[in-house]
Structure formats: structure tokens, C-alpha cells
Ligand SMILES: Nc1ncnc2c1ncn2[C@@H]1O[C@H](COP(=O)(O)O)[C@@H](O)[C@H]1O
Ligand SMILES: Nc1ncnc2c1ncn2[C@@H]1O[C@H](COP(=O)(O)O)[C@@H](O)[C@H]1O
Ligand SMILES: Nc1ncnc2c1ncn2[C@@H]1O[C@H](COP(=O)(O)O)[C@@H](O)[C@H]1O
Ligand code: NA
Ligand code: NA
Ligand code: NA
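Residue numbers (the working numbering), protein chains in the order written: chain C, 3 to 327; chain B, 3 to 327; chain F, 3 to 327; chain U, 23 to 125; chain P, 23 to 125; chain H, 23 to 125.
Have a look at this one:
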């Protein structure tokens with residue numbers, strides 16, 4: 003317990019969390035601090051490439067410890083199921099319309115790659131290893147939730163078409179392709195490839211993550227300022243309860259899959275996190291009548307900071323407790 | 003003397019100064035070499051974050067050597083006073099209108115963060131330590147001079163309103179917030195945080211600074227080419243005399259504060275340098291009738307190169323002489 | 003032979019080649035993966051600065067091994083001559099108009115700096131040194147081919163004016179100025195300057211190159227998708243034969259110049275590669291009626307990937323065979 | 023100089039719908055258009071800015087098509103089918119163009 | 023297609039004045055506008071370019087508002103109060119819009 | 023508000039020709055113009071996008087000039103001489119401007 007709080011405290015006072023907080027505060031105070039979107043995009047491309055590549059190299063050296071296939075199936079199932087839980091919760095505790103609830107639910111079934119990346123950094127700092135193929139699991143969990151959301155929306159009369167074009171867009175969206183592509187490159191080139199580009203993708207990684215989180219704090223803060231009036235107590239409750247529920251659903255599956263402590267943590271993080279890059283764009287196409295301010299505020303403005311600060315240490319503690327640390 | 007010239011020479015032939023010179027020459031020769039503004043902004047965000055963070059970490063380890071509060075008060079006073087000196091000088095030796103003179107004066111009271119950053123790099127190369135909290139002093143010196151400039155402009159009938167909105171903009175401008183925010187993060191996370199992101203913010207720092215100075219050379223060169231007709235001998239004299247005067251005013255104050263040789267140098271550099279990022283934008287709002295070409299040419303086209311090449315080694319030599327090296 | 007295939011294989015499975023392949027496949031599959039142009043430009047500025055600087059430092063330490071002047075003259079001659087060979091080949095095996103053939107020919111006489119940079123990386127990985135001044139040769143070979151192309155176009159009635167303005171644009175184009183400028187800075191600052199910025203320009207170099215090649219794969223793939231209908235068998239043949247011919251022309255010259263194995267390889271790479279950044283822009287101005295899709299597709303979509311994958315290992319093998327390895 | 027009457031259509035549309043719009047225009051026979059970036063804006067759904075954004079969900083582009091007057095209706099119908107439920111603004115104004123053979 | 027008369031107002035204004043302008047527009051009841059980036063330009067104060075610039079002092083943006091004709095005067099007055107002493111260009115042209123209920 | 027008739031000329035031109043165009047405008051006495059970035063587009067030479075591009079060969083910009091009606095012809099002639107063999111689109115529309123003394 004003592005330990006848990008100490009490590010929680012350490013994680014709260016890491017440069018990463020503090021950078022996010024700085025961005026949040028600066029935006030709420032209406033500072034002019036901002037990143038050009040090209041720079042934000044560039045940093046996200048770097049992070050995706052680096053994390054994918056490292057995962058691949060890890061697989062090439064350690065082999066597929068545990069079951070890759072099993073984890074992917076487990077992850078995909080979770081991504082399908084979570085939206086139904088989220089939808090039910092939203093419809094019972096908030097006043098969101100069926101359409102808005104369906105759209106929000108899709109975000110929580112999918113994943114936040116930055117939350118995932120931050121969790122890996124926390125694990126690395128704590129000296130805890132994890133299965134390299136978790137990046138493939140992350141990629142696999144991006145899309146299924148969208149289907150569930152559209153099904154929920156359609157059931158409630160909210161249309162929501164998933165045409166072939168949208169399928170292609172979602173499955174081949176930039177972050178999935180980059181993550182899996184870099185993973186494949188890492189697997190193929192292994193330690194030798196790593197030696198080539200280590201000082202680009204390993205050493206400066208955390209620093210870039212800090213700047214990216216600073217930018218995310220700015221974007222989240224700006225969003226929160228715009229959406230002040232919209233955040234009701236039930237929505238706030240949902241934004242904190244839902245990641246916990248997601249993580250709780252993930253824990254037993256991760257245990258059954260026999261993942262390591264690190265792997266269990268990451269699996270929980272994936273389930274607990276909500277997408278705010280890929281899914282919102284897909285929802286604008288498929289469910290244009292759903293209100294984007296609601297899902298962006300919940301996913302980026304509330305759940306993301308919760309996971310970043312309290313969630314990750316909590317999931318790690320739960321994983322250590324359950325998987326025996 | 004021998005030493006002084008040798009170290010001056012070394013500083014003139016550093017990759018940093020030469021990168022600036024390359025940019026200047028390329029722009030004057032009308033080369034198409036240019037940086038996208040998003041990349042320039044990205045580099046400046048990196049430099050501000052890194053320098054702020056390092057200052058904070060240094061404070062967290064060495065404590066507040068000397069008096070932080072004293073230095074901030076000294077710096078703020080200087081920032082208030084220098085514009086009056088600059089204004090007097092401009093009005094007596096040049097033909098600038100009262101309004102233009104007031105606007106220029108405001109720039110010289112404020113500071114150039116890149117000159118400051120370059121000076122720190124020079125100190126580090128020379129193995130000279132300095133007070134980490136000087137970045138807080140730098141941040142504190144950005145704004146006061148604007149007030150003096152507006153007062154001077156108002157006195158001469160040039161209007162110049164400092165409304166609440168402008169106050170907020172100036173005090174919460176991106177570079178102040180990032181500098182102080184990163185400083186705070188560095189103070190809180192200390193050596194541990196530094197270990198996390200050292201290979202991002204320390205190792206590549208000088209290289210990024212080179213590219214940024216190259217870009218500044220390009221911008222300065224383009225400006226000089228546009229402003230050819232405008233630069234008279236008295237203006238040129240001002241652009242070189244004023245940093246020397248600022249540094250001379252700063253030296254006794256720095257000595258009284260009991261700063262280290264490195265600290266005295268940096269304090270002089272702050273006083274000697276002129277803003278060309280934050281203050282020009284504020285002046286466009288508050289004194290729209292003042293001619294921006296004049297203040298940008300003086301601050302960026304003339305005084306910045308002077309400080310970069312001759313100024314910094316000179317201030318360092320003076321500090322070593324005065325503070326005993 | 004065994005060795006050759008092994009090293010060819012190794013080079014094919016390097017993170018660099020695989021990154022390019024990832025981009026190519028992603029674009030052909032119409033993934034949304036893309037880099038902002040500001041980020042692509044930023045990476046190219048970094049690569050040019052780094053490669054130029056390293057070349058300069060190498061000259062400052064090793065001196066001008068071999069003859070710099072000789073190599074430059076040889077390179078310039080090649081750049082003048084290759085377009086005539088290319089033009090003859092195009093006119094005899096393809097149906098391109100005289101104008102389009104002239105425009106394409108100009109691209110093959112000039113050079114691709116990224117192919118050159120990749121070749122240097124391959125040499126470094128293989129522990130093979132090369133003459134630092136080859137970057138000056140690369141810069142010198144950018145422009146002459148444009149003159150040959152314009153002469154060919156004029157002869158066939160295709161106008162093509164090289165006015166003073168275009169001259170200036172070509173000779174002072176950003177990449178030439180940055181490459182030579184950084185080379186000069188490297189020469190002046192030498193090992194000391196290198197120590198200052200090594201962790202910026204050496205360590206992360208290969209990683210940045212990977213991301214840049216990924217971007218180039220995306221751009222090339224998009225281009226190929228647009229130009230599907232255009233690529234005939236003869237054009238494809240040209241795109242593969244021409245680099246081999248260029249390299250074959252370069253080999254004896256490089257041997258006569260007495261270059262090292264690494265230098266011979268780079269000289270061949272310069273001759274074999276085709277420009278797709280500077281020359282296309284010049285051709286748009288000078289030969290606006292030539293079809294840009296043709297020359298961009300040949301240079302970037304076909305010849306660049308060929309050189310990257312098969313060409314470089316081949317030229318290296320030939321250099322080793324000829325210059326005795 | 024010799025000019026010809028034409029119409030300038032300006033469509034401001036959500037980033038994620040850009041390709042659908044341009045594909046629909048192409049399908050409707052409009053092959054000439056130019057896409058401009060947008061930094062931010064304000065509308066019934068509030069204010070927004072691209073600053074620091076990675077997601078396409080928060081962003082728009084402006085598509086400009088210069089067309090012969092007789093082609094405007096086809097263009098507007100094609101655009102409307104894509105836009106219908108989406109946020110976006112369509113405006114048409116008169117203009118004169120050089121080199122009418124291009125339109 | 024059914025279209026409605028409207029006005030297209032284009033305001034090119036200094037970057038540091040952007041927020042003041044959009045706030046003034048909002049205060050004047052104009053809630054719909056779109057902000058486009060500007061790369062460079064030329065005017066009485068000479069030529070400029072955003073290339074490599076960090077300072078907002080050297081830069082402009084273009085703000086486009088589509089409004090109902092009766093709202094133009096209010097808009098122009100609001101814009102003028104902000105612009106008065108500042109550099110910038112305001113132009114108004116006629117246009118037709120789809121979905122008039124949005125303006 | 024008091025406004026004055028003027029013309030809005032919009033020239034979409036290849037990136038490598040930008041400086042030649044603006045120099046020609048300046049030479050023709052047009053000192054006021056604004057350059058907007060372009061992301062991509064489509065025309066007779068196919069579709070293109072600036073995404074990930076380093077070369078200026080694949081790219082365009084939009085140049086906007088607001089001029090007094092009597093200056094339009096000189097402007098168009100200057101623009102046409104530069105554009106003649108190049109890809110690009112020139113359109114002219116009517117507008118009203120504030121502060122006519124500036125044009
Ligand atoms: N009247 C208008 N004039 C110009 N742009 C507009 C207008 N209305 C909306 N927009 C743009 O379209 C976006 C979405 O509008 P809305 O659907 O009203 O929220 C806004 O954020 C603006 O970028
Ligand atoms: N006639 C014009 N047409 C288009 N843009 C203009 C015009 N005049 C000025 N501008 C823009 O407004 C900026 C400032 O103009 P000025 O105040 O005349 O220097 C210029 O740099 C251009 O970007
Ligand atoms: N009708 C048009 N409306 C708007 N932009 C156009 C039009 N035609 C061409 N363009 C732009 O000009 C570029 C070159 O046109 P083109 O020469 O027809 O290939 C296109 O890629 C577009 O960006
Ligand atoms: Na999730
Ligand atoms: Na100062
Ligand atoms: Na070549």
C-alpha cells in the first residue's frame with residue numbers, strides 16, 4: 003500500500019504527467035502557447051513508429067511469449083463488447099441521446115495509443131518488461147468498437163452507414179498502418195535494426211512524449227474551456243467509471259491469457275482508454291449527427307487525464323496484485 | 003587579452019555562429035533556402051522547454067544559490083529602466099519619431115531568449131556554471147519594458163492602450179508560460195526527471211540550436227534585404243551601442259546580487275539583448291502606428307547578430323574581469 | 003558472390019529500405035498515412051545539414067585525400083554528359099516526345115541527395131570509409147544536367163529558356179546552399195564542432211532517414227497510383243537501365259581519380275541516381291510544356307526504389323571488385 | 023483582356039469528408055478544383071482551431087471550383103448529397119476567367 | 023438547386039489582431055466564420071513571408087464570413103472598429119448559398 | 023458603412039512560378055496582394071497533394087489581389103504573360119472594399 007502510493011506519487015510527478023498538466027493549465031488560462039498541427043502530427047508519427055518498431059524487435063528476440071493470437075482475439079472481443087457496456091451505462095446514468103451514447107461508446111471500446119505509450123514508459127521506468135506484441139493487440143483493438151457503435155446507433159434509428167470506403171479508411175488508417183508496419187520492420191530487422199536506429203527511437207523517446215503530452219494538454223484544455231457548460235456530474239462519473247470498468251473486464255481475460263505483469267497492465271490500459279484520434283474522425287463520417295463535442299470532451303478532456311494520472315498506476319498495482327509481482 | 007581574443011575567435015567559429023552566418027548570407031544572396039514556419043516554431047518550443055527544464059533541475063540540485071528574488075527584482079527594474087535610456091539615445095542621435103522610438107525602446111528593455119540560450123551554450127562549452135534560476139529572471143524580464151514603452155508613447159501623444167486583454171496576452175504569452183512551466187517541472191522532478199529525458203533535452207540541444215540559428219539568419223537576412231534603405235548610420239550606431247549600455251547597466255547590479263561569473267554574464271546578456279518574438283507582436287496590437295520594419299530590423303537584423311558574435315564573448319570577459327575569474 | 007548476395011540481402015532488410023517499402027505499400031493501399039509537408043521539409047533540412055557537416059569535418063581531419071578538384075570536374079562532366087545518353091536511349095526505346103525526353107534526361111544527369119545519403123549510411127554500416135568531399139561533388143552535380151536538358155529541348159524546338167533568374171534559382175537552390183554551407187561549417191569547425199553537435203547529427207541520423215524514406219515511399223506510392231496508365235514496358239526498362247548505365251560511366255572516371263572503394267561507390271551512386279526535388283521544380287519553370295508526371299514517376303517512382311534496393315549494393319560490389327576490396 | 027463568365031463555388035467542409043466530396047465532384051464531371059487549408063473557425067457547433075490537433079475530426083478544408091455557369095447545378099447537387107448531414111458551407115459567386123477553354 | 027442571396031466578407035488581418043477581430047465579430051452577432059492561413063504578401067508596408075518566422079508580428083490570416091445581406095453592415099462596423107489603425111483589407115462580394123437557414 | 027467598388031483577382035499558380043508572378047505584378051504597379059497556401063487539387067493534369075512533398079514541383083499557391091477596377095486589365099496582362107504556358111487559374115470577381123484609399 004505504502005509502495006503503491008509512493009509509486010503512484012512518483013508517476014504523478016513524472017515529467018510526462020507534469021507536461022500534460024502544464025498544457026492543461028496553460029490552455030485553461032488562455033495562454034497563447036500552442037503547437038502547429040504539423041509539429042503535433044510529426045511527433046505522433048515518431049511515437050507510433052518508435053513504439054511499433056520496439057515491439058517488433060522485442061518479439062524478434064524474445065519470440066512470441068504467451069499467445070499472440072489469443073491476445074489479439076481477446077482484445078478484439080473486448081473492443082466489441084465494451085461499447086455495449088458503455089452504452090448501457092450512459093443510457094442509464096446520463097441524458098445523452100441514443101445516438102450520442104452510441105458514438106461515445108465506440109470511443110471507449112477503441113483505444114488511446116498515447117495512453118498505451120505512456121503506460122509502456124511507466125513500465126520501462128519501473129523495470130517491468132512486457133510482451134512486445136502488445137502493440138499488435140493495440141492496433142487490432144482500434145476498429146472493432148466502431149462496428150458495435152454503428153450497430154447500436156442503427157438499432158436506435160440513428161442510421162450510421164459503414165460503407166466499403168469507410169471500412170477501408172478505418173482499417174487502413176494511418177496509425178494502424180504505421181504501428182503494424184513499424185512492428186513488422188522491427189520483427190524483421192531485430193536487434194540489428196535496433197542497433198541502427200536506437201539513438202533515434204529509444205533515447206529521445208520520453209522527451210518527445212513529454213512535448214506531445216504538453217500539446218495534448220493544450221488541446222484538451224482548449225476543448226474543456228469550450229465545453230464548460232456541457233459536462234454534467236453523470237458524464238464526469240461515466241468518464242471515470244468507464245475506464246475502471248474496462249480495466250476490470252480486461253483483467254481476468256489477461257490473466258487467462260497468461261500475460262506477464264507488464265502485459266496484464268497494458269491490456270488493462272488498452273481496455274480502459276478511449277480513442278480521440280481515429281474514432282472521432284470515423285464517427286464524423288458515419289454518425290455525423292452525433293455531437294463531437296461530447297465524445298471529444300469525454301475521451302480527451304476527462305478520461306485521458308484520469309488514465310494518465312490515476313489510472314495507469316492503479317492498473318499496474320492491480321496487475322501486480324493479481325499476476326503476483 | 004590573448005585569451006580573450008582566442009576565446010572570442012573560438013566563439014565566432016562555433017557551429018552556432020557559423021550557422022547563423024550561413025543563413026544570413028543565403029538570404030542576402032536570395033537563395034530559396036527556407037524553413038517552414040511550423041518547423042521554426044517546433045524548434046523554438048523545444049529550446050524553451052529544454053532550457054526551462056534544465057534551469058529547474060539545476061535549482062532542484064544546487065538550491066537557490068544567491069538570491070532568486072533579488073535577481074528577479076533587479077531584472078524587472080532593468081527591464082523597466084532600459085527603455086528610457088534607449089528612448090533618450092534614439093531621440094538624440096536618430097530621427098525616429100517619438101512613437102517609433104518608444105516602440106524600439108520597448109524591445110531593448112525586454113530580452114531575446116535565443117541570445118540567452120546561445121550564451122548558456124557558450125558557458126557550458128567553456129565549463130562555466132551559472133545559476134539555474136536565471137531562466138526565471140529571463141521570463142520576468144520579458145514584459146515590464148512593454149509598459150515603459152507604452153508610457154513613453156502615451157506621453158508623446160501616441161496613444162498606446164494596454165487593455166486587460168493585452169495584459170493577459172503579454173503575461174501569458176507562450177514563451178513565458180513554457181519557460182516557467184518547464185522550469186517548474188524541472189524543479190519538481192529534479193535529477194530523476196532529468197535522467198528520464200536527458201537524451202532528448204541535453205544531448206541534441208546544441209544541434210537544434212544550430213538549425214534554429216540558421217533559420218534566424220535566413221529571417222534576419224530577408225528582413226535586412228527588405229529594409230536596406232532604412233538603416234542609417236545613427237540607427238546602426240544605436241543597434242551596437244545600446245546592448246553595450248544595457249550590459250554596462252546590468253554589470254553592477256549583477257555584482258551587487260553576488261551572482262557567479264556565469265550568472266553575471268547571463269544577466270548582462272539579458273539586459274543587452276532585444277526581443278524580436280514576443281514584444282513585436284505586442285507592439286502591433288498596442289502601437290499599430292509604429293513602423294514594425296524599424297524595430298524588427300534593429301532587434302533581429304542588427305543587435306542580435308552583434309550579441310551573438312561579439313557581444314557574448316565580451317560580456318563573458320567583462321564578467322570574468324569584474325567577478326574575478 | 004555468396005558475400006555479395008548476403009550483403010545485398012542485409013541491405014534489403016535494413017530498417018531504411020523496409021521503411022520505404024512500408025510507405026510504398028501504404029500509399030498503394032490508399033492508407034491515410036501521411037506526413038505534413040512541413041515535417042518532410044524539416045527532415046530533409048536536417049539530413050542535408052548533417053551530411054554536409056559530416057563531410058566537412060571529415061575533410062578537416064583527413065585532408066583532401068585524392069583530388070577534390072578532379073572529382074568535381076569529373077562529376078560536372080558526367081552531369082553534362084549523362085542527359086545526352088539518357089535522351090538517346092529514351093528516343094530510341096520509348097515513344098516520349100523530344101521535349102519530354104529532354105526533361106527526363108535532365109533529371110538523370112542530376113542527382114538524388116537521398117539516394118546519396120542512404121548510400122553513405124550503407125557504407126558506414128559496412129565499415130567502409132569514403133572521401134568527405136563527396137558532398138561537394140554531389141552539390142556540383144545538381145545543376146549542369148539542367149543545361150544539357152535545355153539545350154536538347156531547344157534543339158528540338160521546345161524553347162526552354164534559362165534566364166538569369168532561373169540560373170540564380172538553380173545555383174542557389176536551398177539544397178545546394180545548405181549542403182555546401184554545412185560542408186564549409188564542418189570544414190572550419192572540424193572535430194571540435196563535431197563534438198559539439200555530434201549527438202544531434204550523427205546518432206539519430208539513421209532513424210530520421212528511416213522516417214524520411216517512409217515519407218518518400220508514401221509520396222512515390224501516391225505518384226505511382228496516379229500514373230498507373232502511363233508506365234509502359236520501355237519506360238520501365240529505361241528507369242532500370244539508365245542508372246546502370248550512369249554507374250557504368252562513372253566507374254572508370256572514379257577509378258582514374260583514384261577514389262577509395264567508398265568514394266567510387268558514391269560516385270557511381272551520384273551518376274546512377276535521378277533528381278526528384280530540385281530539377282523537377284526547375285523544369286516546371288523552364289520547360290512548362292513537358293509532362294511532370296512522366297519525369298516524377300520515372301525518377302521517384304521507379305529509379306529511386308531500384309537504386310535503394312538493388313542499385314546501391316550492386317554499385318558497392320562493383321566498386322569493391324574494381325577498386326580491389 | 024478577353025475573359026469569360028464563370029462561377030466560383032467555395033465549399034468549406036469537414037476534413038474527414040474531404041475525399042468523399044472531391045470524389046463526388048469528380049464523378050459529377052467537375053475535374054478542376056483546389057483545396058485550401060483552414061486554421062479554425064466558428065459556427066453553430068462552436069469555435070475550433072487546428073492548433074496542435076492530430077485528429078482529422080477537428081478540422082475543415084475549403085474546396086474552390088471554378089466552373090462554367092451551366093455546370094453549377096450538377097456540382098451543387100453532387101456536393102449537397104455529400105454534405106447533407108454534415109457541417110459545411112457552400113457559396114457560389116460570379117466571376118470572369120481567363121482561358122475559358124480550361125473549364 | 024435552391025439557393026439564397028448572401029454576402030461573402032473576406033478580412034485579411036494581422037495575426038496578433040486575429041482574436042480581437044473574431045471576438046468583435048462574435049459580439050456583433052456573427053457566429054459563423056472560417057480562418058485561412060496566409061503565407062505572405064505585399065502592401066504599402068512592403069513584402070513579407072511567414073517562412074521560418076516564429077513571431078506573430080510578421081503574419082496575417084484571412085477570415086471569411088458568409089452572412090445574410092442584412093447583417094453585413096453590423097459586421098463591417100464591428101470589423102472596422104478593430105481594424106481602424108491596423109493593416110488589413112476588407113472586401114465584400116455577393117454570393118448565393120445552399121441551406122440558408124444556417125446563416 | 024461607406025464602401026467602394028473594386029475587383030478581387032484570384033490566381034492559382036504553380037509554386038515554382040510564385041515569385042515570377044508576384045514580381046510581374048509588382049512591375050505592373052500592383053503592390054497589394056496576399057498569398058494563400060494550397061493543400062492539393064485536381065485539374066487536367068490529374069490530382070495532386072502537398073502531403074509529404076519536399077519538391078516545389080508538386081504544389082501551388084493562391085494569390086489574391088484586390089484592385090481598383092481600372093487596374094484590372096494591367097494586372098491580368100501581367101499575370102497572363104507569366105502564366106501563358108503554365109498551369110494555373112485566373113478568376114476575377116466584383117467586390118466592395120472599405121478604405122478605398124488603400125488600393
Ligand atoms: N457563415 C459562415 N461563414 C464562414 N464559415 C462558416 C460559416 N458558418 C460556418 N462556417 C464554418 O463551418 C464550420 C462549421 O459550422 P457549423 O456547422 O455552423 O458549426 C465553422 O466552424 C466554420 O469554420
Ligand atoms: N490590395 C490588396 N490585395 C490583397 N491583399 C492585400 C492588399 N493590400 C494589402 N494586402 C495584404 O495586407 C498586408 C498589409 O498591407 P499594407 O498595410 O498595405 O502593407 C499585405 O502584406 C497583404 O498581405
Ligand atoms: N476549375 C478549377 N477550379 C479550381 N482550381 C482549378 C481548376 N482547374 C485547375 N485548378 C487548379 O489548378 C491545378 C492545375 O490545373 P490543370 O492545369 O488543369 O491540371 C489543379 O490541380 C487545381 O489545383
Ligand atoms: Na478502450
Ligand atoms: Na534587453
Ligand atoms: Na545522376
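Even for Gly, the Cβ is constructed at its ideal location relative to N, Cα and C.
Determine the chain U residues that contact residue i at a beta-carbon separation under 9 angstroms, and present them in chain order.
{"i": "residue 116 of chain P", "result": "115 and 116"}
{"i": "residue 35 of chain H", "result": "Under the 9 angstroms cutoff, chain U gives no residues; its nearest Cβ is about 11 angstroms from residue 35 of chain H."}
Since residue i meets chain P, which of its residues come closer than 7 angstroms, beta carbon to beta carbon?
{"i": "residue 267 of chain B", "result": "The contacting residues do not exist; residue 267 of chain B stays about 25 angstroms from chain P at best."}
{"i": "residue 282 of chain B", "result": "77 and 79"}
Which bits of chain F does residue i rub up against, with CB to CB less than 9 angstroms?
{"i": "residue 174 of chain C", "result": "28, 31, 32, 33, 34 and 35"}
{"i": "residue 191 of chain C", "result": "15, 16, 17 and 20"}
For residue i, which residues in chain P fall below 8 angstroms Cβ to Cβ?
{"i": "residue 112 of chain U", "result": "119, 120 and 121"}
Could you name the residues of chain B that residue i contacts, counting a contact when the two beta carbons are closer than 7 angstroms?
{"i": "residue 52 of chain P", "result": "In chain order: nothing, as chain B lies at least about 19 angstroms away."}
Candidates the options: which alpha carbon is nearest residue i's?
{"i": "residue 88 of chain P", "options": "P:25, P:23, P:32 and P:24", "result": "P:32"}
{"i": "residue 192 of chain C", "options": "C:57, C:12, C:20 and C:50", "result": "C:57"}
{"i": "residue 278 of chain B", "options": "B:15, B:89, B:110 and B:35", "result": "B:110"}
{"i": "residue 37 of chain F", "options": "C:44, C:104, C:209 and C:69", "result": "C:44"}
{"i": "residue 292 of chain F", "options": "F:272, F:106, F:26 and F:175", "result": "F:106"}
{"i": "residue 243 of chain F", "options": "F:281, F:301, F:206 and F:231", "result": "F:301"}
{"i": "residue 39 of chain U", "options": "U:69, U:75, U:53 and U:111", "result": "U:111"}
{"i": "residue 137 of chain C", "options": "C:178, C:215 and C:129", "result": "C:178"}
{"i": "residue 124 of chain C", "options": "C:135, C:235, C:18 and C:176", "result": "C:18"}
{"i": "residue 44 of chain U", "options": "U:117, U:91, U:116 and U:102", "result": "U:102"}
{"i": "residue 230 of chain B", "options": "B:317, B:299, B:147 and B:102", "result": "B:299"}
{"i": "residue 251 of chain B", "options": "B:281, B:85 and B:21", "result": "B:85"}
Report the neighbours of residue i on chain H: residues whose CB is nearer than 9 angstroms to its CB, in chain order.
{"i": "residue 82 of chain U", "result": "Ordered by position in chain H, no residue passes the 9 angstroms Cβ test against residue 82 of chain U, which lies about 11 angstroms from the chain."}
{"i": "residue 64 of chain P", "result": "44, 47, 48, 52, 53, 54, 55, 56 and 57"}
{"i": "residue 30 of chain U", "result": "32, 113 and 115"}
For a contact meaning CB atoms closer than 7 angstroms, what does residue i contact in chain U?
{"i": "residue 23 of chain P", "result": "95, 98, 99 and 102"}
{"i": "residue 89 of chain H", "result": "Correct list: empty, because the minimum Cβ distance to chain U is about 14 angstroms."}
Counting only Cβ pairs nearer than 7 angstroms, list the residues of chain F close to residue i.
{"i": "residue 180 of chain C", "result": "35"}
Quick one: list the residues of chain C neighbouring residue i, beta-carbon separation under 9 angstroms, in chain order.
{"i": "residue 40 of chain U", "result": "Per Cβ cutoff of 9 angstroms: no residues; residue 40 of chain U is ~11 angstroms from chain C at best."}
Taking residue i as the query, report the chain C residues whose CB atoms sit under 7 angstroms from its CB, ordered along the chain.
{"i": "residue 170 of chain B", "result": "32"}
task = Please list the residues of the segment 198-225 of chain F that have a C-beta atom closer than 7 angstroms to any C-beta atom in chain C, keeping them in chain order.
result = 205, 206, 208, 209, 210, 212 and 213
task = Would you list, in chain order, the members of the segment 21-52 of chain C that have their beta-carbon closer than 7 angstroms to a beta-carbon of chain B?
result = 21, 24, 28, 31, 32, 33, 34, 35, 36, 37, 38, 40 and 41
Entirely enclosed alpha helix (DSSP H) segments - the segment 28-63 of chain B, minimum 4 residues = none
query = Which runs of the alpha helix (DSSP H) fall wholly inside the segment 206-240 of chain B and span at least 4 residues, in chain order?
reply = 207-229
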